[in-house]
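*Asks:* I have a structure I would like to understand better, so I am pasting it below and will then ask my questions one at a time.
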Amino acid sequence: MTNDAPSSRLSLTEQAALTSGASLWYTKAVGDLPALMLTDGPHGVRKQVAGPDQLAILVSEPATCFPPAVAMGCTWDPELVHRVGVALGREARAMGVAVLLGPGINLKRTPLGGRNFEYYAEDPLLTGVLAVEWVRGLQSQGVGASLKHFAVNSQETDRMRISADLDQRSLREMYLRAFQRVVQQAQPWTVMCAYNRINGVYASQNHWLLTEVLRDEWGFGGVVVSDWGAVVDRVAAVRAGLDLAMPGPDEAGDRALVQAVTAGLLDPAALATAADRVLALIDRTGATAQAAATQATATQAGATYDAEAHHALAREVASAAIVLLKNEGDLLPLPQSGASIAVIGEYARTPRYQGGGSSQINPTRLDNALAEITALTSAPVRFAAGYRIGGTVDETLAAQAVAAARESDVAVVFAGTAADTEGLDLQTLDLPADQIALIERVAAANPKTVVVLCNGAVVLTRAWDRAVPALVEGWLLGQAGGGALADVLFGRINPSGRLAETIPVRLADHPSYLDFPGEAGHVRYGEGIHVGYRGFDAREQEVAYPFGFGLSYTTFGYGQATASIVDGGIEVRVPVSNTGARDGREVVQVYASLPGSRVRRAVRELKGFASVTIPAGQTVEVGIHIPRSDLAYWDPRLCRWLVEGGAYRLAVGASSRDPRTSVTVEVDGDATRVPLTADSTLAEWMSDPKGAELLGQVFAAADHGQIPSPAADPQILALLGSVPLGRLGALPGSPLDTAAIEELTAAANS
Ligand code: BGC
């Protein structure tokens, strides 16, 4: 920063003070600039009412509880997510909140992740595309986003200390890729660094992560804020590129910064830059101290929102997120008259609609499925709780439920889990045993049984879903989820959600299984790039329901896909027809593979998708553009993204395991060459045209040597191919001495 920078007018002490919060949710007020409120996020505005300094986690002002990210991810609908962002921005403004702490975009690496309900998907493209729109929508209202948790924060176990240990390719291609996309395409005002360590270094003190990658490579220009309590050493954090340590105050830390600068241990420019970035953030919100003093900051002056309209939006999103997993004999949709319904399960009346922890919203109102179902049918509805939430077997409740099912034309069982919360990973993916037993007994009493799931992390279905003809994955759907479920059950809405994560047959099948949750402070990401469906596909493993899957009350047919190169990227086109009798939304998915690739790749990777609503009987020409940069893999030797040239095979279809048409397209690769050195092997030299030519000349000239030319003798290449050239010189009869190798290397790389 130059001397014109605002921080140059501040003393060192003032600069240091600016880089920590004033309280739990506020930054410090400076001069004309007021304190800013940063608050959770992400699926609603959680503004605490009990005073900013108290840990009154569950007491917050009423706000719309939109579907949590687990559900939003299953919409596969960026436009819808954008509208949620806008609505959140309006609510945040109306409540005087300057920065909303979201979106959370960590990958669902393990299905046991306690915060999976706060994250979108097991795939970085789907995550990134949706999060870009969330941030754009929010920030269009003058409210800043906080992209979190940067980075590799995919578990809760030991979350404040654990080191996620992983290789550069997995880090770049899987765990950083969505962050990169959102930073570059949506410019979030802030990024929140994670609690955990990455390859041994705390995210909050990681210069490589916070400065080299985030700012230097990706061009991030905003504020890096710490997760609440993530900073271990304030000096190391500022040195690494952290701007704002939250919460505050942290007077000891502020003093440590001043002392470090005075003692020459911290570059004064690093502290000044952090202070300037915080000042720029405050400035950016347009807030003024005067307005703050009159309780009407610019972020809230005159701002209101329409709670009814937001509730309706929450219902629309929830209905687009519901995934129909099974529907034998077209049991669904249910008729709205003439068929009596047994509604079974406490969750029908007491909705489980969000997870626990910092994202917990106090909803403006709360729909329940029982009331909504009752309102939509003219036929009798019999309710039976069936079980108690918490899992104590209650034979009386179960028997009542079975009787209700027997007396009714159809039974709808609401089953679910209550375990998802920040701070704790799950122990199991099973439904509570009493609920499984109840499902089986109800299904035996009434073959027309539908199960509706309410869960934040996936639950295993294989043990019991064969007993029921219809299965609806209802996730955690926010405050309007009850109405959305009723809409889908009765066919007022045609279900169109698609799984954003695989439902495995068994937990032990999951690619992360052997390397979770780690021990002794380290968790090894042993599956590498094979996260989620990539791992199941690589091992040709059976799954219960694949990534991208979801049924509809209509059917879709695919014509032949075509592909062409446009702007260096790939333009895929495919005609998709609604071949059934109802209007419906299809999520058209494109998965790429590169047979014969020189690097290890997933069998197929999601590279693009489109959400299209198609009227019954009509055909739509769907276009999906895959930017060239999305074809790149991370090359750890060259430390850069690289597009490998070749014939890419694009499978276009309705899930990762349901390709309907495919097309192959030739892509020009990046011109690149790994420099040859004394440490490059004989095989590497021989596979490089220039290297092979030069080496051939050396061997040809040395006709008395005892080692025949590898160019002339394939057996020699097989035997010695893995020997670095530098060490070949030590073998008797080698024509290569140190000087010759130096000459060769210089010539090869010239
Ligand atoms: C969570 C963040 C949250 C912050 C503030 C932390 O414990 O990890 O997601 O934004 O608290 O509540």
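Everything in the sequence shown is counted per our numbering, starting at 70 for the first residue and increasing by one.
The C-beta atom is built at its ideal place from N, Cα and C for all residues, glycine as well.
All values reported here derive from a predicted model rather than from experimental measurement.
Taking 8 Å as the threshold (C-beta atoms), are Val-166 and Thr-259 in contact?
*Replies:* Cβ distance not < 8 Å, so Thr-259 and Val-166 don't count as in contact.
*Asks:* How many whole angstroms separate the CB atoms of Leu-719 and Ala-607, which I take to be in contact at a CB cut-off of 8 Å?
*Replies:* At roughly 19 Å, the Cβ-Cβ gap does not stay under 8 Å, so Leu-719 and Ala-607 are not in contact.
*Asks:* So is the beta-carbon of Leu-170 under 7 Å away from any non-hydrogen atom of the ligand BGC?
*Replies:* Flag set: Cβ of Leu-170 near the ligand BGC.
*Asks:* Going by DSSP in three states, Gly-154 sits in which element: helix, strand or coil?
*Replies:* If DSSP states are grouped into helix, strand and coil, Gly-154 belongs with the helices.
*Asks:* Going by C-alpha distance, which of Leu-79, Leu-102, Met-106 and Ala-86 is nearest Trp-94?
*Replies:* Of the listed residues, the one whose Cα sits closest to Trp-94 is Met-106.
*Asks:* Taking the alpha helix (DSSP H) that Asn-268 falls in, what are its first and last residues?
*Replies:* No alpha helix (DSSP H) holds Asn-268; DSSP gives it neither H nor E.
*Asks:* Any heavy atom of the ligand BGC closer than 7 Å to the CB of Trp-258?
*Replies:* Not under cutoff, so the answer is no.
*Asks:* Using DSSP with H/G/I as helix, E/B as strand and the rest coil, what is Val-396?
*Replies:* As written in the sequence, residue 396 is Asn, which differs from the Val given in the question. Strand.
*Asks:* Check this for me: beta carbons of Val-519 and Val-481, under 8 Å apart or not?
*Replies:* Closer than 8 Å, so yes.
*Asks:* Using a Cβ-based criterion (distance less than 7 Å to any ligand heavy atom), does Ser-295 qualify as near the ligand BGC?
*Replies:* The answer is no for Ser-295.
*Asks:* Which of the three DSSP states is assigned to Thr-750 in this structure?
*Replies:* In the structure shown, Thr-750 sits in a strand (DSSP, three-state: E or B).
*Asks:* Since Leu-176 contacts Leu-157 with CB under 8 Å, what's their CB separation in whole angstroms?
*Replies:* Not really, about 22 Å apart at Cβ, beyond 8 Å.
*Asks:* Below 7 Å CB to CB, which residues in the same chain sit around Thr-746 once its five sequence neighbours on both sides are set aside?
*Replies:* Cβ within range, chain order: Thr-814.
*Asks:* Whole-angstrom Cβ separation of Arg-266 and Gln-210, contact assumed at under 8 Å?
*Replies:* Going by Cβ atoms, the distance from Arg-266 to Gln-210 rounds to 35 Å, so no, they are not a contact pair.
*Asks:* Residues in its own chain within less than 6 Å of Leu-542 by CB, not counting five upstream and five downstream?
*Replies:* A small fix is needed here, since residue 542 is Glu in this sequence, not Leu. Cβ within range, chain order: Val-392, Leu-394 and Leu-522.
*Asks:* How many angstroms separate the CA atom of Ile-693 from the CA atom of Ser-80?
*Replies:* One C-alpha to the other measures close to 54 Å.
*Asks:* Rounded to a whole number of angstroms, what is the C-alpha to C-alpha distance between Gly-597 and Gly-90?
*Replies:* Cα to Cα, the separation comes out at about 37 Å.
*Asks:* Go ahead and label Glu-385 buried or exposed: buried means 16 or more other beta carbons lie within 10 angstroms of its beta carbon, across all protein chains shown.
*Replies:* With 16 or more other Cβ atoms within 10 Å, it is buried.
*Asks:* How about Leu-403 and Val-347: do their beta carbons lie closer than 8 Å?
*Replies:* No.
*Asks:* Taking all protein chains shown into account, do 16 or more other C-beta atoms lie within 10 angstroms of the C-beta of Ser-698, making it buried, or fewer, making it exposed?
*Replies:* Label assigned to Ser-698: exposed.
*Asks:* How about Tyr-634 and Ile-695: are their beta carbons less than 8 Å apart?
*Replies:* Reading the sequence as shown, one finds Ile at residue 634 and not Tyr. Not closer than 8 Å, so no.
*Asks:* For the beta strand (DSSP E) that Ile-695 lies in, which residues bound it at each end?
*Replies:* Per DSSP, Ile-695 belongs to the beta strand (DSSP E) from 688-695.
*Asks:* Fully enclosed by the stretch 650-718, which alpha helix (DSSP H) runs are 4 residues long or longer?
*Replies:* Listed in chain order, there is nothing to give.
*Asks:* If we call anything under 8 Å between Cβ atoms a contact, is Ala-650 one with Thr-682?
*Replies:* No, these two residues do not count as a Cβ contact at 8 Å.
*Asks:* Pairing CB atoms from the stretch 185-195 with CB atoms from the stretch 241-260, are three or more of them under 8 Å?
*Replies:* Taking 8 Å as the limit for Cβ pairs, the verdict is that the stretch 241-260 does touch the stretch 185-195.
*Asks:* Which value, in whole angstroms, describes the spacing of the CA atoms of Val-212 and Ala-161?
*Replies:* Roughly 7 Å between the two C-alpha positions.
*Asks:* By the 10 Å Cβ neighbour count, where 16 or more other Cβ atoms means buried, how is Asp-727 classified, buried or exposed?
*Replies:* That one is exposed.
*Asks:* Comparing the CB of Ser-427 with every heavy atom of the ligand BGC, is any distance shorter than 7 Å?
*Replies:* For the ligand BGC, at least one heavy atom lies less than 7 Å from the Cβ of Ser-427.
*Asks:* Would you be able to state if there are at least three C-beta pairs under 8 Å between the stretch 504-515 and the stretch 545-558?
*Replies:* They do not touch, by the three-pair rule.
*Asks:* How would you call Ala-389, buried or exposed, if buried means at least 16 neighbouring beta carbons within 10 angstroms?
*Replies:* Result: buried.
*Asks:* With burial defined as no fewer than 16 other Cβ atoms inside 10 Å of the residue's Cβ, what is the status of Thr-368: buried or exposed?
*Replies:* At Thr-368 the pLDDT is 46, less than 50, meaning the model places this residue with poor confidence; the figure from the coordinates comes in the next sentence. That one is buried.
*Asks:* Excluding the 5 residues flanking Ala-85 on each side, which residues of the same chain have their C-beta closer than 6 Å to its C-beta?
*Replies:* Contacts found: Asp-323, Leu-326 and Val-327.
*Asks:* Which whole-angstrom value describes the C-beta separation of Trp-145 and Pro-172, a residue pair presumed to lie in contact below a C-beta threshold of 8 Å?
*Replies:* Not confirmed; about 16 Å, so no contact.
*Asks:* Would you mind sorting Gln-784 into buried or exposed? The rule is 16 or more other CB atoms within 10 Å of its CB.
*Replies:* Exposed.
*Asks:* Short of 8 Å in beta carbon distance, which residues of its chain neighbour Gly-832, apart from the five on each side in sequence? Order them along the chain.
*Replies:* Residue numbering for the chain in the displayed model covers 70 to 819; residue 832 lies beyond these limits and cannot be assessed.
*Asks:* Rounded C-beta distance between Ser-725 and Phe-616? I'm assuming under 8 Å.
*Replies:* Right, their Cβ atoms sit about 4 Å apart.
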